[in-house]
Amino acid sequence: MGINFIARRLLLAIPTLLGVAIMVFVLGFLSPGDPALTALGMTSEGNTSFDAAQLEQTRHKLGLDQPGYARFAFWLGGALTGDLGRSYVQPYQVSDLIGRAMPVTLALITATMLVAIAIGIPLGIVSAVFQGRAADYLARIIAILGVSTPTFWLGLILLLLFAYTFPIFPINGSFESDGPKVLVLPVLAIATHPAALIARMMRASMLEVLGEDYIRTAFAKGLPAFRVVMRHALRNAISPVVTVVGLQFGNLIGAAVAIEYIFALPGLGTLMVQSIYAKDLLVIQGVALVISMVFIAANLVVDLLYTALDPRLGS
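First residue of the sequence shown? That's 933 in the numbering used here, and the numbers climb one at a time after it.
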């Protein structure tokens, strides 16, 4: 594994990011409505306190009177230098809004993935080692329930039980006032699905490895079962699980959109939803671009872990 391997992966990310940027811009460009109306404070009932001249002046100031290709080229050029533009609705730069929301989302999905790994891998190992026994059936039932339960529904149930009925956790707290407690319920709501997927993949991979000749030989030599499973079988069974973890890390950003909104967490998901309602196109484009970069970074980390586990893949 070397610099050339990483450079190849980064070069492959460029057309992906460009495609995302084009797709998001086109969807925003074709969507109904005029962002200039939102910038001027037009209400949902259509009440206005401005005239046509002010509207045209605002459209010119925001560059909305330019052709689509010119607007895209200007935005893309700014994005390459870190300038994602200025919000149409809020008096802030898009990069500032994303900078405030990003730590919340990263903390949420990182904690969620750590919890999912801590639950899913041991659950899958136990299920494989005790195949056909009570522990295996119980682990499989838990995994099925985790995969089948909608994230947003579980989030609402947890909110109802442990924030309203039993006020153990804050409803819409903040890191400054409540600390990590604000993440407990959102993390539990999101972690069930990836934990179940990791457990199922871990079980299938571990069962395959446990059937190999060298594992049977290790057992025949009288090596302790725990040592055989954890030192020999796990290393070879973990590779497919790494793929699931990487993909789920990217998918968690999508789940975070609903959960952040339900729990009033000021992350990228909440920022995206609010911007869609307000038709704040530059914020939408910026958030989508950043989410894509996080997804690509997660896949790069997966590739690096793969090559660490099997150096032949990086050659």
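Note that beta-carbon positions come from the ideal geometry of N, C-alpha and C, so glycine has one too.
Could you compute how far the alpha carbon of residue i sits from the alpha carbon of residue j?
| i | j | result |
| --- | --- | --- |
| SER1027 | PRO1156 | 55 Å |
| ILE1185 | ALA1136 | 26 Å |
| TYR1069 | VAL1161 | 20 Å |
| LEU972 | ALA1128 | 48 Å |
| GLY960 | PHE1158 | 55 Å |
| GLU977 | SER963 | With a pLDDT of 43 at GLU977, under the threshold of 50, the predicted position of this residue should be treated as unreliable, though the coordinate-derived value follows. Each residue's alpha carbon lies about 19 Å from the other. |
| LEU1055 | ALA1131 | 6 Å |
| LEU1232 | VAL1174 | 12 Å |
| GLN1025 | LEU944 | 29 Å |
| GLN1063 | GLY1111 | 41 Å |
| LEU1203 | LYS993 | 24 Å |
| ALA1165 | GLY1031 | 42 Å |
| GLY1000 | ILE1076 | 47 Å |
| GLU988 | TYR1020 | 15 Å |
| SER946 | PHE1227 | In the sequence as presented, Ser is not what sits at residue 946; that position holds Ile. Roughly 13 Å separates the two Cα atoms. |
| LYS1153 | ASP1145 | 12 Å |
| SER1080 | ARG1163 | 32 Å |
| ASN936 | ALA1229 | 16 Å |
| ILE1103 | TYR1096 | 8 Å |
| ALA1050 | LEU1090 | 20 Å |
| ILE1147 | ILE938 | 34 Å |
| ALA1066 | PHE1195 | 37 Å |
| ILE1074 | VAL958 | 42 Å |
| PRO1082 | VAL1205 | 19 Å |
| GLY1143 | PRO1099 | 49 Å |
| LEU1012 | LEU1092 | 44 Å |
For a quick check, are the C-beta atoms of residue i and residue j less than 7 Å apart?
| i | j | result |
| --- | --- | --- |
| PRO1118 | LEU1040 | yes |
| VAL1176 | MET1133 | yes |
| ARG941 | ASP1235 | yes |
| THR1124 | GLY1078 | yes |
| GLY995 | ARG1003 | yes |
| ILE1058 | ALA1071 | The sequence shown places Val at residue 1058, rather than the Ile named in the question. Yes, the pair counts as a contact, with Cβ atoms nearer than the cut-off. |
| PHE1084 | PHE1094 | no |
| SER1224 | LEU949 | yes |
Within a Cβ cutoff of 7 Å, which residues of the same chain sit near residue i, ignoring the five residues on either side of it in sequence?
| i | result |
| --- | --- |
| GLY1199 | ALA1033, VAL1036, THR1037, LEU1040, ALA1188, GLU1192 |
| ASN1168 | VAL1141 |
| ILE1208 | ILE1216 |
Given residue i, which residues of its chain have a CB within under 6 Å of its CB, disregarding the five upstream and five downstream residues?
| i | result |
| --- | --- |
| ASP997 | ARG991 |
| GLY1052 | ALA1127, ILE1130, ALA1131 |
| VAL956 | GLN1217, ALA1220 |
| VAL1116 | PHE1101 |
| ALA984 | none |
Please look up how many angstroms separate the CB atoms of residue i and residue j, rounded, as I've assumed it's under 8 Å.
| i | j | result |
| --- | --- | --- |
| GLY1087 | ALA1121 | 4 Å |
| LEU1237 | VAL952 | Not a contact, Cβ separation roughly 24 Å. |
| LEU1197 | VAL1114 | 7 Å |
| LEU1029 | GLN1022 | 7 Å |
Using C-beta distances below 8 Å, list every residue in its chain close to residue i, excluding the 5 sequence neighbours before and after it, in chain order.
| i | result |
| --- | --- |
| GLY1201 | THR1037, ILE1185, ALA1188, VAL1189, ALA1190, ILE1191, GLU1192, TYR1193 |
| GLN986 | LEU972 |
| ILE954 | PHE1004 |
| PHE1151 | ALA1157, VAL1160 |
Given the structure, does residue i come close to the ligand COA, in the sense that its CB is under 6 Å from one of the ligand's heavy atoms?
| i | result |
| --- | --- |
| LEU969 | No copy of the ligand COA appears in this structure; indeed no ligand is present at all. |
I'd like to know if the stretch 1003-1023 and the stretch 1212-1230 are in contact, where contact means that at least 3 CB-CB pairs between them fall below 8 Å. Touching, yes.
Taking 8 Å as the cut-off, does the stretch 1177-1185 touch the stretch 1042-1052 (at least 3 CB pairs, one atom from each stretch)? The stretch 1042-1052 vs the stretch 1177-1185: in contact.
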